[in-house]
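Have a look at the structure below before the remarks.
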Amino acid sequence: MIPFQMRPDEIIQEISDFNGKLAQGLNTLSEIGELEDGISPKDAVYKEDKMVLYHYKPRVEKLNPIPLLIVYALVNRPYMADLQEGRSMIQGLLDAGVDVYLVDWGYPDAGDAYLTLEDYINGYIDRCVDVIRDEHGLDKINILGICQGGSFSLCYAALHQEKIKNIITTVTPVDFHTKNDLLSKMVRHVDVDLLVDTEGNISGDDMNSTYLSMKPFQLMGQKYVDLVNILDDTEKLRNFMRMEKWIFDSPDQVGETIRQFTKQFYQENGLVKGTVKIGDDTVDLGNITVPVLNIYARDDHLVPPDSSKALGGCVSSKDYTELEFPGGHIGVFVSGKAQAMIPPAVGKWLDERT
Numbered sequence: 514m515i516p517f518q519m520r521p522d523e524i525i526q527e528i529s530d531f532n533g534k535l536a537q538g539l540n541t542l543s544e545i546g547e548l549e550d551g552i553s554p555k556d557a558v559y560k561e562d563k564m565v566l567y568h569y570k571p572r573v574e575k576l577n578p579i580p581l582l583i584v585y586a587l588v589n590r591p592y593m594a595d596l597q598e599g600r601s602m603i604q605g606l607l608d609a610g611v612d613v614y615l616v617d618w619g620y621p622d623a624g625d626a627y628l629t630l631e632d633y634i635n636g637y638i639d640r641c642v643d644v645i646r647d648e649h650g651l652d653k654i655n656i657l658g659i660c661q662g663g664s665f666s667l668c669y670a671a672l673h674q675e676k677i678k679n680i681i682t683t684v685t686p687v688d689f690h691t692k693n694d695l696l697s698k699m700v701r702h703v704d705v706d707l708l709v710d711t712e713g714n715i716s717g718d719d720m721n722s723t724y725l726s727m728k729p730f731q732l733m734g735q736k737y738v739d740l741v742n743i744l745d746d747t748e749k750l751r752n753f754m755r756m757e758k759w760i761f762d763s764p765d766q767v768g769e770t771i772r773q774f775t776k777q778f779y780q781e782n783g784l785v786k787g788t789v790k791i792g793d794d795t796v797d798l799g800n801i802t803v804p805v806l807n808i809y810a811r812d813d814h815l816v817p818p819d820s821s822k823a824l825g826g827c828v829s830s831k832d833y834t835e836l837e838f839p840g841g842h843i844g845v846f847v848s849g850k851a852q853a854m855i856p857p858a859v860g861k862w863l864d865e866r867t
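Going by my numbering, the sequence shown opens with residue 514, and the numbers climb by one from there.
Right under this line is the structure:
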């Protein structure tokens, strides 16, 4: 085999082209302007500590009469679900006639270090649910959990099912000990007591570095090489920068909550074993009998499909549905394919159970 070689003039030309793209990129960057935190209009309807409950303005006249509360993870910021025009799960749900609320956890600080899972699940989430129930005069509402927020939502539904009509989970870990779960294998060997006792709240930057290290070539190298090829396209560069802003917009993680979550969910696999304790209550997913829609991503490297699909064997619901998205963890929210597939499916599924 003859090794690939470039002539000197080709090398010079490639370097010249590369430098030209970089120079053009400086001009393009100056045209981007401020990047918004979500694109759909919304109102803050309830605030408590750092947490804010938002209600999105409808985009269609006919709404499903039962509102939907979205519970996001504590990691990163929830505007991933509303990132840009035409690539927003929230926008898609609104177009499908869903009346959408969302919990924004904000940015915890040292004053929040001793908040527990009970504070989040039996406290903040429960009070948000009650605010929505009171506003609409309903006994029950729908809930949609995203990633860790899905795990929280399952715990909440198992403990407070009398307030939930339907539950939807998206890329949600349930079985934390599946064989392809790289994140779990890493976390299981962490001395979380030493970490929290030493650090208190865990830096969002440290958490982010952990996630990026799971795909180091793709997430920390190749994407920046590929970036050169879009530096002359303002809209594509703006979309890239939106994603970068979200990736590195990482709140610190509350010390006591991450201690409990790491031990009970990752290390003890308590959600499928029925041993998770929220305050004095034990979470038994078998208590869940309401309809469940479980959405998972086929190529998810953070929450493998087997981890999510384990939910079907844990709940007692006779109306359990799985929906596979042919993509990855983030693609569920931002890809064009996902926008055409997931929000309409969720809207239809909810309409059929209203």
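Even glycine gets a Cβ: it sits at the ideal position worked out from N, Cα and C.
The count of Cβ pairs closer than 8 Å, one atom from the region 691-707 and one from the region 775-782, reaches three, so the stretches are in contact. Around the beta carbon of TYR569, 16 or more other beta carbons sit within 10 angstroms, so the residue counts as buried. When C-alpha distances from PRO856 are compared across THR834, ASP608, ASP562, the shortest belongs to ASP608. A Cβ-Cβ separation of about 5 Å places VAL805 in contact with SER830 under the 8 Å criterion. In the structure shown, HIS702 adopts coil according to DSSP, grouped into three states. In the structure shown, the three-state DSSP call for ALA557 is strand.
TYR627 counts as exposed, since fewer than 16 other beta carbons sit within 10 angstroms of its beta carbon.
Judged by DSSP secondary structure, LYS861 falls within the alpha helix (DSSP H) whose first and last residues are 849-864. Within the same chain, TYR809, ALA810, ARG811, GLU837 come within 8 Å of PRO818 by CB-CB distance, once the 5 residues on both sides are set aside. If you check the CB distance, LEU581 and ASN693 do not come in under 8 Å. Per DSSP, the unbroken alpha helix (DSSP H) holding ALA670 starts and ends at 661-672.
With 16 or more other Cβ atoms from the protein chains shown falling within 10 Å of its own Cβ, THR770 counts as buried.
Residue ranges of uninterrupted beta strand (DSSP E) with 3 or more members, entirely inside the region 750-818 and ordered along the chain, are 805-810.
With contacts defined as CB atoms closer than 8 Å, LEU815 and LEU696 qualify as a contacting pair. Contact between the region 673-688 and the region 549-567 is absent: fewer than three C-beta pairs spanning the two stretches fall below 8 Å.
If you check the CB distance, ALA851 and GLY844 come in under 8 Å. For ASP639, the enclosing alpha helix (DSSP H) starts and ends at 639-649. When C-alpha distances from ALA623 are compared across SER664, GLY825, ASN679, VAL709, the shortest belongs to VAL709.
Taking the CA atoms as reference points, LEU863 sits about 32 Å from THR629. The alpha-carbon of LYS575 is positioned some 35 Å away from that of ILE760. From the listed residues THR834, VAL611, LEU606, GLY662, the smallest Cα separation to PRO591 is found for GLY662. In the displayed model, TYR633 falls within a helix according to three-state DSSP.
Leaving aside the five residues that flank GLU631 on each side, the residues in its chain whose CB is nearer than 7 Å to its CB run, in chain order, ILE791, GLY792. Per DSSP, reduced to three states, the secondary structure at PHE689 is coil, with no helix or strand assignment. If you draw a straight line from the Cα of SER716 to the Cα of ASN782, it comes to about 24 Å. Cβ atoms of PHE753 and MET602 stay farther apart than 8 Å, at about 19 Å.
Counted as a single uninterrupted DSSP element, the stretch harbouring ILE681 is not any alpha helix (DSSP H) but the beta strand (DSSP E) occupying residues 677-683.
Looking only at VAL642, CYS660, ARG572, the smallest Cα-Cα distance to LYS653 is reached by VAL642. The C-alpha of ASP794 lies about 23 Å from the C-alpha of ILE583. For ILE843, the three-state secondary structure derived from DSSP is coil. In the structure shown, GLY826 adopts helical secondary structure according to DSSP, grouped into three states. Nearest to LEU824 by alpha-carbon distance, out of LEU667, VAL613, GLY650, ALA594, is LEU667.
By the CB criterion at 8 Å, VAL565 and GLY619 fall inside the cutoff. Beta-bridge partners assigned by DSSP to GLN604: none are found. Within the same chain, GLY768 come within 8 Å of GLU712 by CB-CB distance, once the 5 residues on both sides are set aside. In this structure, the alpha-carbon of TYR633 lies about 8 Å from that of ASP639.
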